[in-house]
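Undergrad:
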Amino acid sequence: MCVFFILFLQITFNSPGSNVKTFQYSKDGEYLGCALPESVKIFDAETAQLVSEIPKKQIVEIGFSPKGTYISTWERPVKSADGSVHKNLIIWEVITGKQLISFTQKSQNNWNVQWTEDEMYFSRMVTGEVHFYDSKRLDEGITNKLRLENIGDFSISPGKSASIAVFIPEKNAAPAIVRIYSIANFKVPLAQKTFYKADKIQMKWNDSGTNLLVLTQTDVDKTNKSYYGETNLFLLSVTGSYDCRVMLDKEGPIHDVTWGPSSKEFVVIYGYMPAKATLFDHRANPIHEFGTGIFRNTVRFNPQGRYILSLSGFGNLKGEMDIWDRKTLKKIAEIEAPNSSESSWSPDGIYIMTAILSPRLRVDNGYKIWHYTGSLVHNQNIDELLQIQWRPTSVEFYPLADLPPAPEITKGLASPTKTAPATKAGAYLPPHARARGAPTKPVGSKNKKKPKQKKEEEDKKIRNLTKKLRQIDELKERQKNGDKLEQTQIKKIETEATLRKELDRLNLQ
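Numbering-wise, the sequence shown is residues -17 to -1, 1 to 492 according to mature numbering (1 follows the signal peptide of the UniProt record, and there is no 0).
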């Protein structure tokens, strides 16, 4: 069953079918696509009326073009009996359901084509080349190619003047390189940056397409300090006038980096737990330090970006969230949403949704809606929740001139919001001692270093457990993609519940 929510209004679509594989909204929220075993159904998201139906079986991935004119589908590749090539990536016209063009795409990772924002062109990568297609002249095939030896990845920018960034990994003694080209001219790059220690990267454009953040990562940290490999962050201007390495002053991996909607600032969460968070301007100058108060690995700006952002610890962390007023750089609230694997801001920028999803966690599934002040305003338990998403809406409808007060709370709805009391100077008290109101030991006490030592040991255990759970998540993803696991790897997956229980115990101390 497909259901969507506009704040607390629930609309159920007229029986799209059972066993929905996945769903996806168009960027403007006009359409909702549902992949079913026998077909893909596209609905008007406002009225829930069927717009078109694509008679294609066993689709597991769908994605709309930027304006919702086209929809892409991907099914798992199969070997045909006659030896013909299976074209499993198909682009369709949304209104008519007409098939326009198809390709062979073996990998599910980065399966979809990349569109320019105006939908004039889309592109996809093949060995050593990025192919471009004109959406109005698809019968002509490839209209342009960017040829570079050893291309590892690429990314099309948003914005009116589209650019393409390409990544070329290290080879022999040559460094890795990122180059930015205008899609109108591949002869000379607009900007480029070389660096080492980059087995793979993530490229993150700001919304205006004027600046690019490049997060690099090695598969192995040669210093043996991190399971995740060594990470670095670089900033490039599309004009080529400025580039730099973003300087981070805490040792450890980069957990998340996100541009603000203004395109003029970004936040990085980095360092060993408890991680640090810093707000930078578009030239990588630090604006504000958010400190290292909670275990966190996720940052989310609300769509308007002017006022609020959340710094959170999800996945294998406790589920704490700090809500900050971007205008005053003051903390508004602290929220706890344990075991959450999903969080997102509502289009109006006032509410936050957190959710516990299957198959990552098969108990306590459901979602919660929080007001930015920390009040829990809605709590919905669901036996098995697989996917959840706000219906997108343009920020023009929600300018958020002022921060509204919290709504009246539903009677009987618990709100596990914390307020941060003012800290008084004095001797350190570990969390378990504070909870019992234990007296502070004298300054000259013999065991005065033990609380710090115990905290370091607990932090080390948390890092080790987080590392093991990360490995389990990767094994489960491989299993989901059809990879055959060894018996030892299967047994490792079976330890997940015990590890999570131990991690929760440590986080609660």
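We put the beta carbon where it would ideally sit given N, CA and C, even for glycine.
#1: Whole angstroms is fine: what's the gap from residue 17's alpha carbon to residue 224's?
#2: Would you kindly check if the distance between the Cβ of residue 196 and the Cβ of residue 243 is under 9 Å?
#3: Using the rule of at least 16 other Cβ atoms within 10 Å of the residue's Cβ for burial, across every protein chain shown, is residue 109 buried or exposed?
#4: By alpha-carbon positions, which one of 114, 216, 303 and 53 ends up nearest to residue 326?
#5: Pick from 466, 2, 468 and 486: whose alpha carbon is nearest that of residue 450?
#6: Have a look at the DSSP bridge pairing and note the partners of residue 238.
#7: What's the C-alpha gap between residue 369 and residue 98?
#8: Is the Cβ-Cβ distance between residue 38 and residue 22 less than 9 Å?
#9: Can you name, in chain order, every residue of its own chain whose Cβ lies under 8 Å from the Cβ of residue 448, other than the five neighbours on each side?
#10: By the three-class DSSP mapping on this structure, what secondary structure does residue 484 have?
#11: If you follow the beta strand (DSSP E) that residue 187 is in, where does it begin and where does it stop?
#12: What distance in whole Å lies between the Cβ atoms of residue 253 and residue 235, which are believed to be in contact at a cut-off of 8 Å?
#13: Helix, strand or coil: which one does DSSP assign to residue 231?
#14: Please classify residue 471: does DSSP put it in a helix, a strand, or coil?
#15: Check whether the Cβ atoms of residue 229 and residue 282 sit closer than 9 Å, and answer yes or no.
#16: If you draw a straight line from the C-alpha of residue 183 to the C-alpha of residue 152, how long is it?
#17: Taking all protein chains shown into account, do 16 or more other C-beta atoms lie within 10 angstroms of the C-beta of residue 68, making it buried, or fewer, making it exposed?
#18: For residue 13, does the three-state DSSP call read helix, strand or coil?
#19: Should residue 248 be labelled buried (16 or more other beta-carbon atoms within 10 Å of its own) or exposed?
#20: For residue 46, which beta-bridge partners are listed by DSSP?
#21: Check for me: the beta strand (DSSP E) holding residue 493 runs from which residue to which?
#22: Per DSSP, what kind of secondary structure is residue 121 in: helix, strand or coil?
#23: Only counting the same chain, and skipping five residues up and downstream in sequence, which positions put a Cβ closer than 7 Å to that of residue 88?
#24: Run the proximity test for residue 484: is its beta-carbon closer than 8 Å to any non-hydrogen atom belonging to the ligand NAP?
#25: According to the neighbour-count rule (16 or more other Cβ atoms, all chains shown, within 10 Å of its Cβ), is residue 405 buried or exposed?
#26: For residue 265, which beta-bridge partners are listed by DSSP?
#27: Straight-line CA distance for residue 472 to residue 5?
#28: Determine, using beta carbons only, whether residue 34 and residue 8 come nearer to each other than 9 Å.
#29: Taking the beta strand (DSSP E) that residue 354 belongs to, which residues open and close that run?
#30: Can you grab the Cα-Cα spacing for the pair residue 192 / residue 309, in whole Å?
#31: Could you check how far apart the C-beta atoms of residue 376 and residue 330 are, in whole angstroms? I think they sit under 8 Å.
#32: Please work out which residues of its chain come closer than 6 Å, Cβ to Cβ, to residue 479, disregarding the five sequence neighbours upstream and downstream, and give them in chain order.
#33: Between the Cα of residue 160 and those of 461, 26 and 186, spot the shortest distance and give me the residue it belongs to.
#34: Under 8 Å Cβ to Cβ from residue 126, same chain only, skipping five residues before and after it: list those, please.
#35: For the beta strand (DSSP E) that residue 94 lies in, which residues bound it at each end?
#36: Got a sec, what are the start and stop residues for the beta strand (DSSP E) residue 84 sits in?
TA: Per the coordinate set shown:
#1: 44 Å
#2: no
#3: exposed
#4: 303
#5: 486
#6: BP columns for residue 238 are empty, so no partner.
#7: 27 Å
#8: yes
#9: 299, 482, 485, 486 and 489
#10: helix
#11: 183 to 188
#12: 6 Å
#13: coil
#14: helix
#15: no
#16: 7 Å
#17: exposed
#18: coil
#19: buried
#20: 55
#21: With the chain covering -17 to 492 only, the question about residue 493 has no answer from this structure.
#22: helix
#23: 57, 71, 72 and 94
#24: Summarising the ligand content, the structure contains no ligands, and the ligand NAP is consequently not present.
#25: Any reading at residue 405 needs caution, since the residue's pLDDT is 38, under 50, leaving its predicted position unreliable; the model's value is listed next. Answer is exposed; the Cβ neighbour count stays below 16.
#26: DSSP output for residue 265 lists no bridge partner at all.
#27: 28 Å
#28: no
#29: 349 to 354
#30: 22 Å
#31: 4 Å
#32: 455
#33: 186
#34: 104, 115, 116, 117 and 120
#35: That residue, residue 94, is in no beta strand (DSSP E); it is neither H nor E in DSSP.
#36: 82 to 86
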